[in-house]
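Reading through the structure tokens given below for one structure.
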Ligand SMILES: CC(C)(COP(=O)(O)OP(=O)(O)OC[C@H]1O[C@@H](n2cnc3c(N)ncnc32)[C@H](O)[C@@H]1OP(=O)(O)O)[C@@H](O)C(=O)NCCC(=O)NCCS
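Residue numbers (UniProt numbering): 1 to 409.
Dropping the structure here:
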């Protein structure tokens, strides 16, 4: 979904190039566009004052004309941009067909609390079969925030609702919502990278985002993530190449709203010590990991991250920071033998990388005897013992002769 603000912004043409690239990779795209600012502008031009009730615009017949004009113009604008095929543009020979139609069936919001919302509607149904057919033919489908009803009337619907309902109905892999300045930050101003629908619900219950665009966008992401769409992303279009970064880099650049799995990845607590010991014992026996006593683990438990599955610790890793050198040692990386090859090792690593970044570290290093290739696959590069911080060099066990690997953050 592209917010209405984005459609008037300078980044739209580049964004269309990115969408064209995804289409050329065979990714099936349904595009939903917003139209709020454009509708407001048309209403203002016609001297029509909008009335809002419960944050919803009441659309009377005169206002509906402005809605239709604004949405119609946006559809054509998008069609135009997708037709671009100039030799000196990234869309040379792209020949993408953007298909719009009466795919959204709407129903009136009706009379609520004494207010007749008239032509303001809700999504009643999405014509999934027709959309699938178009996607199957390699076309990009465009949905607008207007829906027709079986009575032949038109209704102004919320674009976020169209996007989340369509994503759920189509069984989409992802819902991606892009907006101008759509950035969720924690109280320290850091980007919130991941939220469960429950955590998102708590944010929405607060007054931070009340009655603004983020409120609607986060609600839509939350709705989709709670109803079978595995991943819903909120992306700030201000970030250059946001869409490509979000899809093709491990950490992405936006906020991911995703269902809580029954496996949880989290910082370890003192009650996890027993589980971690059980997990690493066989690896200590065969010499893959250095021995750690229960006492040592208890003292250092806050350095560990674990994946817990049904009360059992199935993966762990630890981060030992060297703040002066702005680096950190990654240690005790282990995944239970029954749960390997499920990217859990990579997940724990990603978690500790985020933790390291939050602590202001610029790199991570690891000492390994048997797992060099795995760390290389995770972006680590071979280095010499001299790359270690001084304090760590003096503890280096020459007999064990571990290899040193470093990854910049
Ligand atoms: C290394 C380890 C943490 C990876 O966990 P994981 O959850 O299976 O990791 P991922 O799913 O992210 O990656 C799996 C891939 O890494 C490969 N891999 C696993 N161990 C490897 C090793 N020692 N060397 C090279 N590749 C290895 C697997 O073959 C698999 O590749 P494939 O899917 O192409 O077959 C896990 O295998 C483990 O616990 N090993 C024993 C403990 C250990 O060596 N720890 C490091 C001590 S420094």
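Ideal placement from N, C-alpha and C gives every residue a C-beta, glycine not left out.
Fair warning: this is a prediction, and the values are worked out from it, not measured in the lab.
Note that the C-beta distance between residue 175 and residue 78 is not below 8 Å. Listed as beta-bridge partners of residue 351 by DSSP are no residues whatsoever.
Annotation: residue 191 is outside any alpha helix (DSSP H) and is labelled neither H nor E by DSSP.
Counting every other CB atom within 10 Å of its CB across the protein chains shown gives residue 368 a total of 16 or more, marking it as buried.
If only complete runs of 4 or more residues are kept, the UniProt domain "N-acetyltransferase" (263-402) shows the alpha helix (DSSP H) at 273-285, 294-300, 344-358, 372-377 and 390-393, in order along the chain.
Taking the C-beta atoms as reference points, residue 147 is found nearer than 8 Å to residue 157. Taking the Cα of residue 181 as reference, the smallest distance to any Cα among 215, 108 and 205 is reached at 215. Excluding its 5 nearest sequence neighbours in each direction, residue 379 has C-beta neighbours in its own chain below 8 Å: 407, listed in chain order.
Contact check for residue 205 against residue 221 fails: the beta carbons are separated by 8 Å or more.
Contact annotation: residue 287 and residue 3 have beta-carbon atoms that are not nearer than 8 Å.
At least one heavy atom of ligand 1 lies closer than 7 Å to the C-beta of residue 368. As summarised for the segment 168-256, the continuous beta strand (DSSP E) elements at least 3 residues long and confined to that stretch are 174-179 and 231-236, given in chain order. Between residue 166 and residue 126 a beta carbon distance of about 5 Å is seen, short of the 8 Å cut, so the two are scored as contacting. Where residue 100 is concerned, the enclosing beta strand (DSSP E) starts and stops at 98-100. Between residue 20 and residue 249, the alpha-carbon positions lie close to 19 Å from each other. Contact check for residue 18 against residue 243 passes: the beta carbons are separated by less than 8 Å. Between residue 361 and residue 409, the gap from beta carbon to beta carbon is short of 8 Å. When DSSP reads this structure, residue 165 sits in no beta bridge, so it has no partner.
In the three-state reduction of the DSSP assignment, residue 33 falls in the strand class, which pools E and B.
Between residue 185 and residue 191 a beta carbon distance of about 6 Å is seen, short of the 8 Å cut, so the two are scored as contacting. Within 10 angstroms of the beta-carbon of residue 270 lie fewer than 16 other beta-carbons, which makes it exposed.
With 16 or more other CB atoms across the displayed protein chains lying within 10 angstroms of its CB, residue 255 is buried. With a 10 Å radius around the Cβ and a threshold of 16 neighbouring Cβ atoms, residue 395 comes out exposed. Remark: the shortest separation between the CB of residue 341 and any heavy atom of ligand 1 falls under 7 Å. Residue 116 has 111 as its beta-bridge partners, per DSSP. In the three-state reduction of the DSSP assignment, residue 160 falls in the helix class. Straight across, the Cα-Cα distance linking residue 332 with residue 344 is about 14 Å. By the 16-neighbour rule on beta-carbons within 10 angstroms, residue 160 is buried. Around the beta carbon of residue 303, 16 or more other beta carbons lie within 10 angstroms, which makes this residue buried.
At a threshold of 7 Å, residue 373 counts as near ligand 1, since its beta carbon sits closer than that to one of the ligand's heavy atoms.
Where residue 82 is concerned, the enclosing alpha helix (DSSP H) starts and stops at 61-83. Within the same chain, and ignoring the five residues on either side of residue 282 in sequence, the residues whose Cβ sits closer than 8 Å to its Cβ are 337. Sequence-distant Cβ neighbours of residue 305 in its own chain, meaning closer than 8 Å and more than five residues away, are 265, 266, 267, 268, 316, 317, 318, 319, 348, 351, 352 and 355.
Closest by C-alpha distance to residue 179, out of 377, 374 and 6, is 6.
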